[in-house]
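Chemist:
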Amino acid sequence: MLINKPTFRIYLNVMVTRTTDGMAKVRKQYNELIEAGYIRVIKYSEGKGVETYIFASDTKMNDLFWSHIEEEFYNRKNQQKLSTENE
0 MLINKPTFRI YLNVMVTRTT DGMAKVRKQY NELIEAGYIR VIKYSEGKGV
50 ETYIFASDTK MNDLFWSHIE EEFYNRKNQQ KLSTENE
């Protein structure tokens, strides 16, 4: 996951196609990485359904680091929303 471009979005169904493991094993490993703190998730909605954004790191993401990521994520989403409203 970490060797992709910074703009790469992680999708579990795509991860399954990149391995010989099945969906159940990929989901189990994914959940283990969440519990260990290497993956964090933001579910985001603008009223048209919910999108899942998965963030992965090669080191555990502590709460301070994660709060910075969340803040940056929501700032960028708000900027995108404002720029599309002004068009």
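Counting in numbering that gives the first Met the number 0, the sequence shown tops out at residue 86, every number present. For glycine and all other residues, C-beta sits at the position ideal for the given N, C-alpha and C. Here the structure is a predicted model, which means the values were calculated and not measured.
#1: With a threshold of 6 Å on Cβ separation, who are the neighbours of R156 within its own chain once the five nearest residues in sequence on each side are excluded?
#2: Starting from S44, follow its DSSP beta bridges and name the residues at the other end.
#3: Return yes when the Cβ of D57 is within less than 9 Å of the Cβ of Y37, no when it is not.
#4: Could you check the C-alpha separation between T51 and F72 for me, to the nearest Å?
#5: Just the Cα atoms here: how many angstroms apart are G46 and I9?
Modeler: Here's the rundown:
#1: What is shown of the chain runs 0 to 86, which leaves residue 156 out entirely.
#2: V49
#3: yes
#4: 12 Å
#5: 22 Å
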